[in-house]
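What follows is a single structure, written as C-alpha cells, with notes after it.
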Amino acid sequence: MTPLTASGPAVEFASVTKEFRSDWWQTPVRALAALNLQVPVGQIFGLIGPNGSGKSTALKLIAGLLRPTAGSCRVCGHAAGSTEARPRIGFLPEAPQFPRFLTARESLHYCGGLSGLRGASLALRTDDVLAWVGLTSAADREAGTYSKGMAQRLGLAQAILHDPAVVLLDEPASGLDPVGVRDLTRLLFRLEQTGKTVVLTSHFLVQLEDVCDRVALLHEGRLLREGALAELAGASGGRLEQFYLEQLGGSTQ
Amino acid sequence: MSAPSRQLRSLFRVRLVALMVVREALHLRILPLFLVVALLPLASVGWLREFNFGTAEGKFIVDFGHGALGAGGLVLAVLAAVQLTLGDLEGRTVPMLLTRALTPAEFLYGKLIGLLALMTWFAAGVGGVLVAVLGWRLGGAAIPWAAALGGLGFIWLKLAVTVALTLLVCSYARSALFATGAALLLVMLAHLRHLAGSGSDWTHGLVIVLPDFQFFDPERIAAMPAATRASLAACSVAYAVAYVVLYSSLAGWFLRRREY
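Protein chains in written order, with our numbering: chain C, -12 to 240; chain R, 875 to 1134.
So, in C-alpha cells, the structure goes:
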C-alpha cells in the first residue's frame, strides 16, 4: 500500500490557474481561475459542473499531466507530478486506451511492472482487480476486442492496481451498463473503506449522491460551491441534481 | 531480501518499455515488411547477369547490401520511431503510463533501446543475406568480410543516430505527418551536411547541431589507409554516441515539458 506521508489534505489546490495556448501567438484560454480546494483524506470527492467547467483539467493537474500556469497543486503533501506524488495516485482518463495487442491481464502486468509490482504479488493483485471490475472471464482477450464499457472497466482496474492512496476517476461511469455502474459503486465504497481518497468527475449526479462525501461545483473554471454533500443538497430537497440546476440553471441556458 | 535499488527499479521500467516496443513492432508487422523491402534488391543481385560496372563482383554485392540496409533502414528508423512513440504520446496510453513511477526519461530511453533492438535485428537480417549472397556468388573466392560487415556496423551507427533524431522530433511533434516529414528532412540534411563545409560564419553553429552522415559512409572508411581505419572507427562510434546522447537529452527536456 502506498502510504500518505502528510497529515494534511490528500489533494490541495492553492490559487491554481490553468491556461491553454496551443501556439504562442494565440490568445490563451483559461480553464481554471485561481482555484482553491482541499480534498480530505479518505473521502469520496465529486467534481461536478457543466462541460468545459475545468473538471478534467483539475484531475490532470493532480495527476501531473498538466502543470499550473499559476499557483500550486499538491498530492499527499508533494508537488503534483513529482517523483514522490506519482506513485501515490491512480488515474483513470476519460477514454482509457490500451495497446490493442495485449490482453487485459498483460496490460495490467505491464502497468503493474511500471508501478514496481513483481512476480506472484503482481499476478495475485491482477486477479483481484480483474474480479473487482468484473473482467475475470475476459482477462485473456486482447484489449482491442473490448467494448467501450469493458475498456472502461480495464481502465478502472489499472487505476487501482498498485493500491494508490489517491484514485482519480474521470467520468468512470461512462460507457458502463447498469451492472457496471453497480460494480463501480461497490468498488468506490471498497476503496473508501480501505482509507483511499477518491476524486471523481461525473455527469451522473444520482450516482454521485450515492457515493460522494463532499462535492465541488465548478463553472467556467471557478469554484462556485464546495461542501459536504448532505449540506449542499440538503438545502435543495436532498437532491444533488436540484442543487446543480439551482446553481447553474440560469447560466447554462 | 533487500528491495531493489532505485537504479535497478528504473532499469526494470526502461526494460519493460523497450520490450513493449519490440512486441508492438512485431504485432504491427513493421520489421518483416521492411526486411522484405530491403532484401529484395539484395536478393535480386543473383539474377543480374552483368556486373560490369567497373568494379569487382564482390564489391558490387557489398555496395548493394549496404545500400539496401542504408535506404531501408533509414525509412524503417523514421517510420518505426514515429509510429511506436507518437502513437503513445498522442494516443491515450501515455496518461496511464506517466502517472506511475515511470519518468519521461525512462519512457524515452525505453523507446530508444527498443528501437535500437529493432535496428539491430534489421541489420543482422540484411547482413545474414549479404553473407549468403556473397558466398553463393563468389564461392571459394576471397570474400571481402571486413568491408561487408564493417560497413554494416557503420550503417547501424547511422541508424542509431537517426532513431535518436526522430525521437527528438517526436517529443515536440503533435502529428505523425509533421514528425515523419521533419525527421526525413533532417535525415536528408544530415546526408548533405558535408557540403556545408567548415566555414567560421554564424551558420556553422546551426549546422553542427546536425550530424554529418558522411562519417558513417563505408566507402569513405574503406578508402582510408588500413592503419587509420581502427581509430576512424572509434571516432565514428564516439561521434554517433555524442549525437545520440545530445538528441536523447533534448528529447527528455521536451518530454518533461510536454502536457497530455
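Heads up, the beta-carbon is just placed ideally off N, CA and C, and yes, glycines get one too. Keep in mind it's a predicted model, so treat the numbers as computed, not measured.
| What residues are listed by DSSP as bridge partners for C60(C)? | Taking the first sequence and counting its residues from 1, the one referred to as residue 60(C) is at position 73. C60(C) is bridged to F0(C).
| task | Pair every Cβ in the region 57 to 67 of chain C with every Cβ in the region 34 to 42 of chain C, then say whether three or more of these pairs are closer than 8 Å. | result | no
| Near-chain C residues of the region 946 to 973 of chain R - C-beta to any C-beta below 8 Å | G965, R966, T967, P969, M970, L971, L972 and T973
| Between the CA atoms of G225(C) and Y231(C) - distance to the nearest angstrom | Mapped onto the first sequence, residue 231(C) falls at position 244. Mapped onto the first sequence, residue 225(C) falls at position 238. Approximately 11 Å between the Cα atoms of the pair.
| message | Buried or exposed, going by whether 16 or more other CB atoms sit within 10 Å of the CB of M993(R)? | response | As a working mapping, residue 993(R) is identified with position 119 in the second sequence. Answer is buried; the Cβ neighbour count reaches 16.
| field | Residue(s) in a DSSP beta bridge with A215(C) | value | For the purposes of this step, residue 215(C) is identified with residue 228 of the first sequence, where counting begins at 1. Answer by DSSP bridge pairing, in chain order: R201(C).
| task | With distances taken Cα to Cα, identify the nearest neighbour of L1004(R) among F1090(R), K933(R) and Y1121(R). | result | On the second sequence, position 130 is the one that residue 1004(R) refers to. The shortest C-alpha separation from L1004(R) is found at K933(R).
| the region 73 to 101 of chain C: which residues have C-beta closer than 7 Å to a C-beta of chain R, in chain order? | R73, P74, I76, F78, P80, A82, P83, Q84, F85, P86, F88, Y97, C98, G100 and L101
| task | State the DSSP-derived secondary structure class of E6(C), mapped to helix, strand or coil. | result | Along the first sequence, read from residue 1 onward, the residue named residue 6(C) stands at position 19. Strand.
| Is there contact here, the region 943 to 951 of chain R with the region 208 to 225 of chain C, by at least three beta-carbon pairs under 8 Å? | no
| field | Alpha carbon of T(-11)(C) to alpha carbon of G1001(R), nearest angstrom | value | For this step, residue -11(C) is matched to residue 2 along the first sequence. For this step, residue 1001(R) is matched to residue 127 along the second sequence. Its pLDDT being 48, under 50, T(-11)(C) is placed unreliably by the model, and the measurement read from it follows with that caveat. Straight-line Cα distance between these residues: approximately 50 Å.
| request: Consider the C-beta atom of I1017(R) and the heavy atoms of the ligand SAH; say whether any pair is separated by less than 7 Å. | output: The ligand SAH is not part of the structure shown, which contains no ligands of any sort.
| Comparing alpha-carbon positions, which option in T14(C), Q229(C) and R209(C) lies nearest V3(C)? | Numbered from 1 along the first sequence, position 16 holds the residue referred to as residue 3(C). Closest by alpha carbon: R209(C).
| said: Tell me which residues of the region 1104 to 1134 of chain R have at least one Cβ-Cβ distance to chain C shorter than 9 Å, keeping chain order. | reply: R1131, E1133 and Y1134
| What's the call for L882(R), buried or exposed, on a 16-neighbour Cβ count within 10 Å? | Translated into positions along the second sequence, residue 882(R) becomes position 8. With fewer than 16 other Cβ atoms within 10 Å, it is exposed.
| query | Sorted by chain position, which residues of the same chain lie with C-beta nearer than 7 Å to V1118(R)'s C-beta, five sequence neighbours on each side aside? | reply | Position 244 of the second sequence, counted from the first residue, corresponds to residue 1118(R). Here the set comprises A1034, V1035 and A1038.
| task | Have a look at Y97(C), G29(C), P74(C) and E81(C) and flag the residue whose alpha-carbon is nearest the alpha-carbon of T977(R). | result | Here the question's residue 977(R) lines up with position 103 in the second sequence. Looking at the Cα atoms, P74(C) is the closest of the given residues.
| field | Per-residue contacts from T977(R) into chain C (C-beta, under 8 Å) | value | Residue 977(R) sits at position 103 when you count from the first residue of the second sequence. By Cβ distance, chain C contributes T70.
| So, does the CB of E898(R) fall closer than 8 Å to a CB anywhere in chain C? | For this step, residue 898(R) is matched to residue 24 along the second sequence. E898(R) counts as touching chain C.
| said: Quick check: the Cα distance between H149(C) and R140(C), rounded to an integer number of angstroms? | reply: As a position in the first sequence, residue 149(C) is number 162, starting the count at 1. As a position in the first sequence, residue 140(C) is number 153, starting the count at 1. Between H149(C) and R140(C), the C-alpha separation is close to 16 Å.
| query | Taking 8 Å as the CB-CB limit, is G236(C) close to chain R? | reply | Your numbering for residue 236(C) matches position 249 in the first sequence. Not an interface residue.
| message | Looking at the secondary structure, which residues open and close the beta strand (DSSP E) in which D962(R) lies? | response | As a first step, residue 962(R) must be located in the second sequence, where it is residue number 88. Here D962(R) belongs to no beta strand (DSSP E); instead the alpha helix (DSSP H) covers G961 to E964.
| message | Report the start-end ranges of each alpha helix (DSSP H) in the region 975 to 1061 of chain R that is 4 residues or longer and not cut off at the edges. | response | 978 to 1012 and 1019 to 1046
| request: Confirm, please, whether the CB-CB distance from A1053(R) to R1043(R) is below 8 Å. | output: If you number the second sequence from 1, residue 1043(R) lands on position 169. If you number the second sequence from 1, residue 1053(R) lands on position 179. A quick correction: the sequence has Val, not Arg, at residue 1043(R). A contact, by the Cβ cut-off of 8 Å.
| field | Close-in-space but distant-in-sequence residues of the same chain around Q1088(R) (CB under 7 Å, 5 per side omitted) | value | Looking up residue 1088(R) in the second sequence gives position 214. So the qualifying residues of the chain are H1068 and R1094.
| message | Can you pull the chain C neighbours of L890(R), defined as C-beta to C-beta under 8 Å? | response | As a first step, residue 890(R) is located in the second sequence; it is residue number 16 there, counting from the start. Simply Y97, G100 and L101.
| In whole angstroms, what separates the C-alpha of S879(R) from that of A82(C)? | Translated into the one-based positions of the second sequence, residue 879(R) becomes position 5. Translated into the one-based positions of the first sequence, residue 82(C) becomes position 95. Rounded to the nearest angstrom, the two C-alpha atoms are 35 Å apart.
| Quick one: what's got a C-beta closer than 8 Å to L1041(R)'s C-beta in the same chain, skipping five residues either side? | Position 167 of the second sequence, counting from 1, holds the residue named residue 1041(R). Excluding sequence neighbours, L1041(R) sits near A955, T959, L982, K985, L986, L989, Y1121, S1122 and A1125.
| message | With a threshold of 8 Å between beta carbons, is R140(C) in contact with chain R? | response | Translated into the one-based positions of the first sequence, residue 140(C) becomes position 153. Chain R contact via Cβ: absent.
| message | 8 Å is my cut-off, CB to CB: does R903(R) come that close to chain C? | response | As a first step, residue 903(R) must be located in the second sequence, where it is residue number 29. Chain C contact via Cβ: absent.
| said: Please report whether the beta-carbon of L53(C) lies at a distance below 8 Å from any beta-carbon of chain R. | reply: Translated into the one-based positions of the first sequence, residue 53(C) becomes position 66. Yes, its Cβ sits closer than 8 Å to a Cβ of chain R.
| With distances taken between CB atoms, is the gap from V198(C) to I49(C) smaller than 8 Å? | One-based indexing of the first sequence puts residue 198(C) at position 211. One-based indexing of the first sequence puts residue 49(C) at position 62. Going by C-beta atoms, V198(C) is not nearer than 8 Å to I49(C).
| query | How about A991(R) and V896(R): do their beta carbons lie closer than 8 Å? | reply | Indexing the second sequence from 1 puts residue 991(R) at position 117. Indexing the second sequence from 1 puts residue 896(R) at position 22. Cβ distance < 8 Å, so A991(R) and V896(R) count as in contact.
| said: Quick check: the Cα distance between M875(R) and L122(C), rounded to an integer number of angstroms? | reply: Mapped onto the second sequence, residue 875(R) falls at position 1. Mapped onto the first sequence, residue 122(C) falls at position 135. Interpretation of M875(R) is limited by its pLDDT of 45, a score under 50 that renders its predicted location unreliable; the figure taken from the coordinates is listed afterwards. Each residue's alpha carbon lies about 34 Å from the other.
| For the candidate residues R201(C), E213(C), V16(C) and R87(C), whose alpha-carbon lies nearest to that of M894(R)? | As a position in the second sequence, residue 894(R) is number 20, starting the count at 1. With distances taken between Cα atoms, M894(R) lies closest to R87(C).
| task | Determine the direct distance from the alpha carbon of P55(C) to that of A138(C), and round the result to whole angstroms. | result | Mapped onto the first sequence, residue 138(C) falls at position 151. Mapped onto the first sequence, residue 55(C) falls at position 68. Answer to the nearest angstrom: the Cα atoms are 30 Å apart.
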